[in-house]
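For what it's worth, the numbering used here labels the leading residue of the first sequence as 1014, then goes sequentially.
For reference, the structure is listed below as structure tokens.
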Amino acid sequence: MRSSLVSVEFRKKTRIWQAFIVKNPQNRLISHTESEVESMEYKFDEIEKRWQDYWEEHKTFKTGDDYSLPKFYVLDMFPYPSGSGLHVGHPEGYTATDIVARYKRMNGFNVLHPMGWDAFGLPAEQYAIETGTHPSVTTQNNCDNFRRQIKSLGLGYDWDREVNTTDPGYFKWTQWIFTRLYNTWFDGTAQKGRPIEELEIPREIQTAGKDAIKEFIAEKRLAYYDDAQVWWCPSCKIVCANEEVLNDGNHEKCGNPVERKNLKQWMLRIPLYAERLLDGLDHVDWPEGVKDMQRNWIGRSTGAEVDFRVEGSHETLRVFTTRPDTLFGATYMVIAPEHPLLQQFTTLEQKSKVESYVAKAGLKSEVDRSDLSREKSGVFTGSFAINPVNNTKIPIWVADYVLMGYGTGAIMAVPCHDTRDFEFATAFSLSIPCILDPETDDKDLREEVLKGKACWTGDGRYVNSASDQTGLDINGLSKEEGIAKTIKWLHQHDLGAEAINYKIRDWLFSRQRYWGEPFPVIHWDDGEISLLEDAELPLLLPQLEKYEPGSHGESPLANSTEWLNVTDPNGRKGRRETNTMPQWAGSCWYYLRYIDPKNDKEPFSRAKENYWLPVDLYVGGAEHAVLHLLYSRFWHKVLFDLGIVSTDEPYTKLFNQGMILAFAYETEAGAKVPSDLVEEKDGAYYHSKTGEEVKQIVAKMSKSLKNVVNPDDVVSGFGADSLRLYEMFLGPLDATKPWVENGVKGVYNFLNRVHKFFADTSHYYEGDEDQEILKSLHATIKKVGADVDALHFNTAISQMMIFTNLAIKKGQITRESAEAFIRVLGPFAPHLAEEIWSILGQKESIALAAWPVYDESILQEDSHEYPVMINGKLRFKIVLPLGMDEADIKGQVLAHETALKWTQGNNPKRFIHVPKKIINIVI
RNA sequence: GCGGAUGUGGCGGAAUUGGUAGACGCGCUAGAUUUAGGAUCUAGUUCCUUCGGGAGUGUGGGUUCGAGUCCCUUCAUCCGCACCA
């Protein structure tokens, strides 16, 4: 922490250090002879290079084909290979999975641990626009750099299984899956996707002719092509998914504001799988937060749809409500400005007011409209609806707090029991009748609510909720009873029915981009859409001169006429789809391709899929909690329904690694100060130019704050094993934690000590092991194993430190113990472990050695040092043999001089002895 | 507002089912060694203390022989969602 100048200082320091240690041997410890230095020094760079070459040459981490072995599939979220290379967040997750993979392999599992590249995406395309370099070239370079960096960390991936989403051999099958989505419909009754050929065409559709049939089928397909109001980013000239638009109405990628635009787009009907996607969450071992975020995103709510007659109109107004039981309290209705029936419901007198209101609402962005702090606004349409439960006339208003995109775009307003309606009714002096007698001890509040002067959204008993005219009476009932009775009544009178609503919308699945998977689709001049045959896949991207998107929202692909225009054998002309798939497409199924990455006959072999799936452990950042994981689960479920995969869920256990932050600095006013402009003096921090005192905070690493730590620097300064160990020792894997520069030194020292002690064979001896070492060794084997299973790497490392400290203190160790310990260290610091393993005379890689077995009997104690508490406070300790008589224990403990001092020889009130734990004396 | 999580020394963090709070590491202090130290080794390091002890895991309360852990209350921070009817 002394150094505030994290990146610059750090780099300087490591460079000096490296030069000192490696490049200038004459500067080394002068008291030793050169040869002594040679033998004692931990030359991590030589060691790491040696073993990385060995692993590469021997394909040590190649996944075997022995399907009789138990399998373990451990997966990392594959990276987008950006131009700036790895940051320290990548090795965190990768090291964790690497440790698990190595540990499982040593425990006899057939381990699948692959890596690949999610390589389609905007930066390479933008670079192409600027420089004319084809995105595939940029991508290739970046992948090569990422691969080099990852290999330099000693991560044991099976590189023969590397996948790349931009490889035609890969995206062929992404296109193939798209055709399956297109040719699937969702059978709501069976809650299952089924081939489109199995779709029954109703008789009236059949008689209506070919076009009607086509339209009917198109409406059922999981993938469809339609006009969609989409978010358009004028700066990127791209359509964005809802998910890519930030809360402030800006594009996630570029930060510029987005606008609305109507375009023909490919959409996927993910809401049909809402129930399945919800159900599946109950059966996977995922962080509760991620499950909740997905549930929230799907946004299921149950209630009823209710039809309201509208006076002077043959149309009825349908609303969705989660509280049909509050119908008696509905005193007005509100429809969204975009509601299709608005015009019909607007009377002549109100027309100009309504039109100007709607025009204004249209100008507001969705963001402004959903700003809670905003005053409610709205206009009366002039029409009245009839409340079905009591035949009261209630006014219909238009207001922008009702959103067209949710429910039916219209609501019944119950001002006394809904805060938004209450605000609106208050603002426009509409009546606020109370129909729920609040269940509250606050008498004043209850009075206010009963008078309609306050809003109550909690539980209560119904009042004023009966009508002689309609026969419905729910007075005195509870919430559940009221809802049930009202729904039944609505149903009987054909006025409504129970309904479920979801927030999740159709997934906008096309982008106006070059660098993505082309859709295997042809739009024919006669309006027909057809998909390419499997044999015609992959459909490659055309070579282009220019990558600029068209200004009207068309992708650059439209510029390639040769590629674009097609003619069928009958002379019919058509045009290829010019949109490409979003980046999510490739990442939706990559975990499936790893199991059979070179298969050119099918996306993967059924037998291999059957063996490897599901993924046993999936580790990655929480930023993919919703989108990637939801999309990918959706595709998986469709593939499952079609019999292409054998499991309903793809990922059994998910784990989110916490983000690694860094120290940053800000002034009193909150302005951020780049780390290279900060100086530390006596524990305080100052701006080096202005002298102003600045505060140290913890923030995300960013270029502008100059606090980015580059893994390459750590590797060159301390070695890959130190980087691995440090990232694991930093804290719990799922915690958000700041990078503390000095911490690397701690693990580096530890590795130095391990090297110094274990690489020096003079510390070994033959014969019986020291009892203390033996006990610690077996405790270490046990604890590290359990910790790896639980992903508690930080405590595993501290246990290894404890053992090493003990061994060094004792000064010697048996070869057998050393062999066992080094195998425990192996998954964490594989290079150093290999080095010592070979010094121990082993010929095969330690990665293929068996995990040592601990002996529980060695860990058994025959006596225990009891802490003795008097009235709950620790007073002394006493060693007692286990299995001692209760009376003898009491006698011995009470005879202890400290005990006598406190008890004065009197018999205590209570004497509590918890075997192998504690003794407590109550006086 | 709703949902999820987290609060422990100077710092990162330990502490299965309630059972010795502060493991391990950083930093710091002292000593050894060294021309030197950003090297290595040894000892110490929660705070207060009249050296008997006392206090202590964000706050306040409760259960218990015993609470970081269980219950209630309240505060703070982080993440996600948000006029979702």
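Using N, Cα and C, we set each Cβ at its ideal position, and we do this for glycine too.
Note that the coordinates shown come from a computational prediction; the quantities given were computed from them, not determined experimentally.
| query | result |
| --- | --- |
| Pairwise C-alpha distance: Thr-1192 and Asp-1618 | Note that residue 1618 is Ser in the sequence shown here, rather than Asp. About 19 Å. |
| Opening and closing residue of the alpha helix (DSSP H) in which Cys-1156 lies | 1148–1164 |
| Of the residues Leu-1667, Trp-1850, Glu-1706, the one placed nearest Val-1686, counting alpha carbons only | Glu-1706 |
| C-alpha gap between Ile-1871 and Asp-1783, whole angstroms | 12 Å |
| Local conformation of Trp-1625 per DSSP, three classes | helix |
| Start and end residues, beta strand (DSSP E) containing Thr-1315 | 1314–1323 |
| Anticipated Cβ contact below 8 Å, Ile-1821 with Ile-1835, distance rounded | Rounded, the Cβ-Cβ distance is 15 Å, inconsistent with contact. |
| 8 Å Cβ cutoff met for Ile-1163 and Met-1119 | no |
| Nearest neighbour of Gln-1356, chosen from Gly-1495, Ser-1326, Glu-1549 [CA to CA] | Ser-1326 |
| For Val-1087 and Ala-1638, believed in contact at Cβ under 8 Å, the rounded distance | In fact, because the Cβ distance is near 19 Å, the residues do not count as touching under 8 Å. |
| For Ile-1218, the nearest candidate out of Ile-1230, Pro-1208, Glu-1210 (CA to CA) | Ile-1230 |
| Cβ pair count under 8 Å reaching 3, the segment 1635–1652 against the segment 1716–1733 | no |
| Separation of Ile-1311 from Tyr-1515, as counted between CA atoms | 6 Å |
| Beta-carbon proximity list for Val-1797, same chain, < 7 Å, skipping 5 on both sides | Ala-1809, Gln-1812, Met-1813, Val-1837 |
| Selection from Val-1367, Lys-1205, Asp-1581 that minimises the alpha carbon distance to Phe-1653 | Lys-1205 |
| Simplified DSSP state of Asn-1933, which is helix, strand or coil | strand |
| Whether Leu-1893 touches His-1877 by CB criterion (8 Å) | yes |
| Short Cβ contact (8 Å threshold) for Leu-1550 with Ile-1060 | no |
| Cβ shell of Phe-1771 (< 7 Å), same chain only, five flanking positions each side left out | Ala-1831, Ile-1835, Ile-1849 |
| Alpha helix (DSSP H) segment containing Lys-1056, residue limits | Looking at the DSSP string, Lys-1056 is not in any alpha helix (DSSP H), and its letter there is neither H nor E. |
| Met-1425, DSSP secondary structure in three states | strand |
| For Pro-1894, the three-state DSSP class (helix, strand or coil) | strand |
| Terminal residues of the beta strand (DSSP E) in which Phe-1393 lies | 1392–1400 |
| 7 Å Cβ shell around Leu-1508 - same chain, five flanking residues per side excluded | Val-1319, Asp-1320, Pro-1401 |
| Runs of alpha helix (DSSP H) wholly within the segment 1154–1223 (minimum 4 residues, chain order) | 1181–1195, 1216–1220 |
| Sequence ranges, alpha helix (DSSP H) only - wholly within the segment 1259–1294, length at least 4 | 1287–1294 |
| Cβ neighbour criterion (16 or more within 10 Å) applied to Pro-1092 | buried |
| Three-state secondary structure (DSSP) of Ala-1510 | strand |
| Member of Asp-1434, Thr-1329, Cys-1429, Ser-1715 whose CA lies at the smallest distance from the CA of Ala-1398 | Thr-1329 |
| Gly-1599 versus Pro-1616: straight-line alpha-carbon distance, rounded | 13 Å |
| Residue environment, Thr-1360, which counts as buried when at least 16 other CB atoms sit within 10 Å | exposed |
| For Pro-1451, the first and last residue of its enclosing beta strand (DSSP E) | 1449–1451 |
| Cβ pair Gln-1525, Pro-1562 closer than 8 Å | yes |
| Helix, strand or coil at Tyr-1604 [DSSP, three-state] | helix |
| Under 8 Å between C-beta atoms of His-1536 and Gly-1587 | yes |
| Same chain only: Cβ atoms within 8 Å of His-1071, ignoring 5 sequence neighbours per side | Ser-1858 |
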